[in-house]
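> Before I ask anything, here is the structure I am working with.
Residue numbers (this note's numbering): -8 to 586.
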């Protein structure tokens, strides 16, 4: 966190809008990371991640990030009018959430001093209570596994875990649980580390009409962070201490960080806490909410990416979510959703086999098999035979083999790389999809696990970013989806980088796609016999079977001279920086002069 205080980037102001909400004006500023801040020095030595819900300082004014369109495009909201000039660059700084960290530390300190069921759960010494399953009415529209998950959650006396693989309807069952809890007079805290997850769940509850609006409320975390449909039930932060709505509501929505505002009413103001996206929040973050109720339900997926924590020296215990810890220790206390409603069946089958197979696997809903495929209307008469594969409805998975040079910008643990040949091929793919086949750009996502590749692609694809194509890291895109997803692998060997050691990264990447998944990378990535390369091999084999495999240079893309020159310069600077670092290190080791 001390490092975060010293990190900054330059951001260009694109537009400024103001909006009247609850008698106050808020100022929405859309920004884009300046090209000067996309180079490897910022990405390697001062890593700067822009995330929704975080606070930042722009030109000495404090703001909150409410939207991240990509790794570079984002929106900040100010409660005072800023005097920014359109097109000008300003310094953007991180503001670490020290007050939240202090509360997390206090909870952990208190648990050390006292005995509690929650503490015993954390250490695996708790004797879990068995749930009974009486004949409670559950919405017949739910599938059988969803009904089972809801009944287990409703009837548990302590806690229950629900594993929700991508597209399996987590929001649907949250709405059903809240309805049943409310009908029985229970008070529920519905929470997540993400504002958008809380709002989506509350929106689903309100649309159901089973719970009256006055029975549901949302704790304001700055009204500008909250979806417009949720604003009518939102309690402003200034009214937390005096509002009877919070006391009287059956369902209270809040982020994990803001949940503590309810504690003033009583020691445990809720009967149940439901935590969504629990597989991506740290243990201390999750405890912020769990201490507020008698029992809890965690909904998440520890087989997707874990909590984001920075620093190579971070202790292992905080890199694992509470969801994953409890899933491992209490197998009798969990239910897995097993029917997905998002992906093409061939994509789902690969995720099911390689990720969820030992848990029984996942199946694809008939509604996915019957839905209209957007590629049915593609006009591919002007395309070559290889190009037609990219827009064929019978090729949901394509693999474009690229044998390109990899440019590494650092040899340390945080090294990153780009592959210009892959970028040139993706540029050709975007030209085919957007310019020739008129696919709406906002239906396309371009992902890579390497920040350097992402920043290079943003530089190269500026016209497509302007039109709505999203370019982002796989980590930042978790929780999102697109009709078409293009993944740039960058390296030619699985063991070239530690980033490919965790198969969950690949699971998240391929399951973002609804209709078409295009892998751009070297087929050598499938050679090594480990779980990641075997999953990639399944993707390649499926692409071959459905006529979606393209040989090296099949698209004959144009060379991006400007990007290649820029990349060579950055590689040269990186080499010099590494040599200087090694020189300093050797000088210190000889007891030489001090810097």
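Cβ atoms here follow ideal geometry from the backbone N, Cα and C, with glycine treated the same way.
(1) Note down the Cα distance separating residue 482 from residue 410, rounded to an integer number of angstroms.
(2) To the nearest angstrom, how far is it from the Cα of residue 81 to the Cα of residue 453?
(3) So if DSSP puts residue 408 in a beta bridge, which residue, or which two residues, is it bridged to?
(4) Quick check on DSSP: helix, strand or coil for residue 375?
(5) Mind checking who residue 2 pairs with in its DSSP beta bridge?
(6) Would you decide whether residue 322 is buried or exposed? Buried here means 16 or more other CB atoms lie within 10 Å of its CB.
(7) How is residue 327 classed by DSSP in three states: helix, strand or coil?
(8) Is it true that the CB of residue 508 sits closer than 8 Å to the CB of residue 388?
(9) Nearest-angstrom Cα distance between residue 43 and residue 176?
(10) With distances taken from CA atoms, which of 462, 97 and 496 is nearest residue 278?
(11) Where does residue 298 land, buried or exposed, given buried means 16+ other C-beta within 10 angstroms?
(12) Should residue 330 and residue 353 be called a contact, given that it needs their Cβ atoms to be closer than 8 Å?
(13) Which residues in the same chain have their Cβ closer than 6 Å to the Cβ of residue 412, if we skip the five residues on either side of it in sequence?
(14) I'd like to check one pair, residue 478 with residue 462: are the Cβ atoms closer than 8 Å?
(15) Nearest to residue 534 by CA position, among 511, 550 and 211, is which residue?
(16) Leaving out the 5 sequence neighbours to the left and right, which residues in its chain are closer than 7 Å to residue 140 when beta-carbon positions are compared?
(17) Are the region 82 to 91 and the region 45 to 53 in contact at 8 Å, needing three or more beta carbon pairs?
(18) In chain order, which alpha helix (DSSP H) runs of at least 4 residues are fully inside the region 333 to 397?
(19) Alpha carbon to alpha carbon, how far is residue 443 from residue 464? Give it in angstroms, no decimals.
(20) Once the 5 residues before and after residue 218 are set aside, which same chain residues still bring their CB inside 6 Å of it?
(21) With distances taken between CB atoms, is the gap from residue 39 to residue 52 smaller than 8 Å?
(22) Touching or not, the region 0 to 12 and the region 21 to 28, by the rule of three or more beta carbon pairs under 8 Å?
(23) Between the region 304 to 315 and the region 135 to 150, do three or more beta carbon pairs fall short of 8 Å?
(24) Could you tell me the alpha carbon to alpha carbon distance between residue 211 and residue 558, rounded to whole angstroms?
(25) Pop quiz: residue 362 and residue 158 are said to be a contact at Cβ under 8 Å. What is the actual Cβ separation, rounded to whole angstroms?
(26) Between the alpha carbons of residue 199 and residue 469, how many angstroms are there, rounded?
(27) Among 432, 57, 390 and 207, which residue has its Cα nearest to the Cα of residue 546?
(28) To the nearest angstrom, how far is the alpha carbon of residue 419 from that of residue 549?
(29) Could I get the ranges of all uninterrupted beta strand (DSSP E) runs contained in the region 160 to 186, with 3 residues as the minimum, in chain order?
(30) What are the partner residues of residue 18, as DSSP defines its beta bridges?
(31) How is the alpha helix (DSSP H) around residue 140 delimited, first residue to last?
(32) Within its chain, find whatever has a CB closer than 8 Å to the CB of residue 50; leave out the 5 residues flanking it on each side and keep chain order.
(33) Starting from the C-beta of residue 555, find all residues in its chain whose C-beta is less than 7 Å away, skip the five residues before and the five after it, and write them out in chain order.
(34) If you reduce the DSSP assignment to three classes, tell me which class residue 296 lands in.
(35) Can you give me the C-alpha to C-alpha distance between residue 532 and residue 526, rounded to a whole angstrom?
(36) Since residue 209 and residue 224 are thought to touch, with beta carbons under 8 Å apart, how far apart are those beta carbons, to the nearest angstrom?
So, to answer that:
(1) Position 491 of the chain shown, counting from 1, holds the residue named residue 482. Position 419 of the chain shown, counting from 1, holds the residue named residue 410. Residue 482 and residue 410: Cα-Cα distance of roughly 8 Å.
(2) In the chain shown, counting from the first residue as 1, residue 81 sits at position 90. In the chain shown, counting from the first residue as 1, residue 453 sits at position 462. Those two C-alpha atoms are separated by around 20 Å.
(3) Mapped onto the chain shown, residue 408 falls at position 417. According to DSSP, which records beta bridges pairwise, residue 408 is partnered with 399.
(4) Position 384 of the chain shown, counted from the first residue, corresponds to residue 375. Coil.
(5) Residue mapping note: residue 2 aligns to position 11 of the chain shown, counting from 1. Under DSSP, the beta-bridge partners assigned to residue 2 are 24 and 81.
(6) Taking the first residue of the chain shown as position 1, residue 322 is located at position 331. Counting Cβ neighbours within 10 Å, residue 322 comes out exposed, since fewer than 16 surround it.
(7) On the chain shown, position 336 is the one that residue 327 refers to. Three-state DSSP puts residue 327 in a strand.
(8) Here the question's residue 388 lines up with position 397 in the chain shown. Here the question's residue 508 lines up with position 517 in the chain shown. Yes; because the gap between Cβ atoms is below 8 Å, this pair is in contact.
(9) By 1-based counting over the chain shown, the position of residue 43 is 52. By 1-based counting over the chain shown, the position of residue 176 is 185. Pairing residue 43 with residue 176, the inter-Cα distance amounts to about 34 Å.
(10) Counting from 1 along the chain shown, the entry for residue 278 is found at position 287. Taking only the C-alpha atoms, the option nearest residue 278 is 97.
(11) In the chain shown, residue 298 corresponds to position 307, counting from 1. Buried, since its Cβ has 16 or more Cβ neighbours within 10 Å.
(12) Along the chain shown, read from residue 1 onward, the residue named residue 330 stands at position 339. Along the chain shown, read from residue 1 onward, the residue named residue 353 stands at position 362. Yes. Within cutoff.
(13) In the chain shown, residue 412 corresponds to position 421, counting from 1. For residue 412, where only same-chain residues beyond five positions count, the Cβ hits under 6 Å are 393 and 395.
(14) Within the chain shown, numbered from 1, the residue matching residue 462 stands at position 471. Within the chain shown, numbered from 1, the residue matching residue 478 stands at position 487. No, Cβ-Cβ distance for residue 462 and residue 478 is not below 8 Å.
(15) Residue mapping note: residue 534 aligns to position 543 of the chain shown, counting from 1. Comparing Cα positions, the closest option is 511.
(16) Taking the first residue of the chain shown as position 1, residue 140 is located at position 149. Hits under 7 Å: 153, 164, 326 and 328.
(17) yes
(18) Taking only runs of at least 4 residues, the alpha helix (DSSP H) segments lying wholly in the region 333 to 397 are 336 to 342, 357 to 361 and 376 to 380.
(19) Your numbering for residue 464 matches position 473 in the chain shown. Your numbering for residue 443 matches position 452 in the chain shown. Between residue 464 and residue 443, the C-alpha separation is close to 10 Å.
(20) Taking the chain shown and counting its residues from 1, the one referred to as residue 218 is at position 227. Excluding positions up to five away in sequence, the list reads 190.
(21) Position 48 of the chain shown holds residue 39. Position 61 of the chain shown holds residue 52. Not closer than 8 Å, so no.
(22) yes
(23) no
(24) Numbered from 1 along the chain shown, position 220 holds the residue referred to as residue 211. Numbered from 1 along the chain shown, position 567 holds the residue referred to as residue 558. Looking at the two C-alpha atoms, the distance is approximately 45 Å.
(25) Along the chain shown, one-based indexing puts residue 362 at 371. Along the chain shown, one-based indexing puts residue 158 at 167. Going by Cβ atoms, the distance from residue 362 to residue 158 rounds to 13 Å, so no, they are not a contact pair.
(26) One-based indexing of the chain shown puts residue 199 at position 208. One-based indexing of the chain shown puts residue 469 at position 478. C-alpha separation (whole angstroms): 27 Å.
(27) As a working mapping, residue 546 is identified with position 555 in the chain shown. It is 390 whose Cα lies nearest to the Cα of residue 546.
(28) If you number the chain shown from 1, residue 419 lands on position 428. If you number the chain shown from 1, residue 549 lands on position 558. The alpha-carbon atoms of residue 419 and residue 549 are separated by roughly 8 Å.
(29) 179 to 183
(30) In the chain shown, residue 18 corresponds to position 27, counting from 1. Paired residues: 9 and 69.
(31) Here the question's residue 140 lines up with position 149 in the chain shown. Where residue 140 is concerned, the enclosing alpha helix (DSSP H) stretches over 135 to 146.
(32) As a working note, residue 50 is residue 59 in the chain shown. Cβ neighbours of residue 50 within its own chain (closer than 8 Å, five residues either side excluded): 73, 75, 81 and 82.
(33) Numbered from its first residue, the chain shown carries residue 555 at position 564. Once the five neighbours on either side are set aside, the close Cβ partners of residue 555 are 411.
(34) For the purposes of this step, residue 296 is taken as residue 305 along the chain shown, with counting starting at 1. Coil.
(35) One-based indexing of the chain shown puts residue 532 at position 541. One-based indexing of the chain shown puts residue 526 at position 535. Cα-Cα distance, rounded: 10 Å.
(36) To locate residue 209, count along the chain shown from 1; it is residue 218. To locate residue 224, count along the chain shown from 1; it is residue 233. Right, the Cβ-Cβ distance comes to about 5 Å (below 8 Å), so this counts as a contact.
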